[in-house]
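Participant: The following block contains the structure, expressed as structure tokens.
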Amino acid sequence: MAEADRPPSTVLPTPSDLSRLFALKYGDPATTGPNPRRRHRFGYFLPSDVYEATVTNALTPGAAWLDVGGGSSPFPDNPKLAAELAARAGRFVGVDPSPNVHENPYVRERHQSFLEAYHSAEPFDLATLRMVAEHVTDPPAVVAALARLMKPGGRVIVLTVHLFSPITVASHLTPFGLHHPVKKLLWGGEDKDTFPTAYKMNTRRELKRLFGKARFRESEFAYLDDCCTFSKFPAVNTLELLTWRGLRSVGMHYPESNLLGVYTRES
16 MAEADRPPST
26 VLPTPSDLSR
36 LFALKYGDPA
46 TTGPNPRRRH
56 RFGYFLPSDV
66 YEATVTNALT
76 PGAAWLDVGG
86 GSSPFPDNPK
96 LAAELAARAG
106 RFVGVDPSPN
116 VHENPYVRER
126 HQSFLEAYHS
136 AEPFDLATLR
146 MVAEHVTDPP
156 AVVAALARLM
166 KPGGRVIVLT
176 VHLFSPITVA
186 SHLTPFGLHH
196 PVKKLLWGGE
206 DKDTFPTAYK
216 MNTRRELKRL
226 FGKARFRESE
236 FAYLDDCCTF
246 SKFPAVNTLE
256 LLTWRGLRSV
266 GMHYPESNLL
276 GVYTRES
């Protein structure tokens, strides 16, 4: 679908959207780092790339944006886009129970709070939850809070892990004390950014049910193949991408995947 042909009600990115995001985030494919260069060669985009492009399409100039659980940044690996969209928003609020929210340089309001306890005199046009849903212990309460905070027609964009992906299954069976050492080995990161998981809203069916009960409709949805488990190990990551390409050629998804859902508040 060409970008000009995208219906105005849709926000999932086109290939040209993703190409523009790649240039902003990683630079020239010929001179960027080895990992993004490898992915570009295969025509593969990370789930976070697709999510960032989706948020870019959804955030209209002057809109009120609520970022839930984003900690110190709405896009930890894309500071240029975080600054660009923060400037585009008319109001930008971060709500997170972690003290990391106080380190966020992009939001204009910071609230260290669970979403259920947060109140706003003005409703929001857009709410984003990037890798937050897997940590939620009371999904109905969180979705009810979103329903209270969103304008009619407002969108909630959720990026989360898929319950039945191999890494999620392994994480679910692994004691929490081992989560950060494994995470650090595979992807890096700090201990303060590792939080307990609950996996109570990590299937498309459960997300649709929860949001539907709160008068949201699923307006768009995508399974995003996640081929970056071994991105620190070039040879193994190349095998991941070759497997992804082979599965894609026969219409199959890669076993490891994320969920990207867009939920619109009904009037």
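All you need for the numbering used here is the position in the sequence shown, starting with 1, plus 15. Don't be surprised by glycine CBs; every beta carbon is placed ideally from N, CA and C. Quantities reported herein were computed from a predicted structural model and do not represent experimental measurements.
1. Using a Cβ-Cβ cut-off of 7 Å (strictly less than) and excluding sequence neighbours within five positions of V158, which residues of its own chain qualify?
2. If I measure Cβ to Cβ from L130 and keep anything under 6 Å in the same chain, skipping five residues before and after, which residues do I get?
3. Helix, strand or coil: how does DSSP classify W202 here?
4. With a Cβ-Cβ cutoff of 7 Å, do T143 and V70 count as a contact?
5. So does the segment 263-277 actually touch the segment 164-181, counting three or more Cβ pairs closer than 8 Å?
6. Report the three-state DSSP secondary structure of N217 (helix, strand or coil).
7. In the structure shown, what three-state DSSP assignment does P167 receive?
8. Beta carbon of A104, beta carbon of Y121: below 7 Å?
9. Indicate the three-state DSSP secondary structure (helix, strand or coil) for G261 in the structure shown.
10. Hey, how far is the Cα of H55 from the Cα of H117?
11. Which value, in whole angstroms, describes the spacing of the CA atoms of R106 and G168?
12. Whose C-alpha, out of L100, F248, A237, P49, is nearest the C-alpha of A78?
13. In whole angstroms, what is the alpha-carbon distance linking P51 and A136?
14. Distance check for L27 and K223, CA to CA, integer angstroms please.
15. Please name the residue, chosen from P249, A102, N115, that lies closest to R285 on a Cα-to-Cα basis.
16. Please check the pair S234 and S24, which I expect to be a contact at CB under 8 Å, by giving their CB distance rounded to whole angstroms.
17. In whole angstroms, what is the alpha-carbon distance linking N252 and T75?
Facilitator: Judging by the given coordinates:
1. If we look at V158 and ignore the five residues flanking it on each side, its Cβ neighbours are L225, F226, A229.
2. Excluding sequence neighbours, L130 sits near V83, V110, V157, A160.
3. Summary for W202: the model assigns pLDDT 47, below 50, so the residue's position carries little reliability, and this model does not support an answer.
4. Yes, these two residues count as a Cβ contact at 7 Å.
5. Yes, the segment 263-277 touches the segment 164-181.
6. The DSSP-derived three-state label of N217 is coil.
7. Three-state result, P167: strand.
8. Not closer than 7 Å, so no.
9. Three-state result, G261: helix.
10. One C-alpha to the other measures close to 35 Å.
11. The alpha-carbon atoms of R106 and G168 are separated by roughly 17 Å.
12. Comparing Cα positions, the closest option is L100.
13. For P51 and A136, the distance between alpha carbons rounds to 42 Å.
14. The alpha-carbon atoms of K223 and L27 are separated by roughly 17 Å.
15. The displayed coordinates of the chain run from 16 to 282. Any statement about residue 285 would go beyond what the structure contains.
16. Contact check for S234 and S24: beta-carbon distance about 7 Å, within the 8 Å limit, so the pair qualifies.
17. A straight line joining the alpha-carbon of N252 with that of T75 spans about 36 Å.
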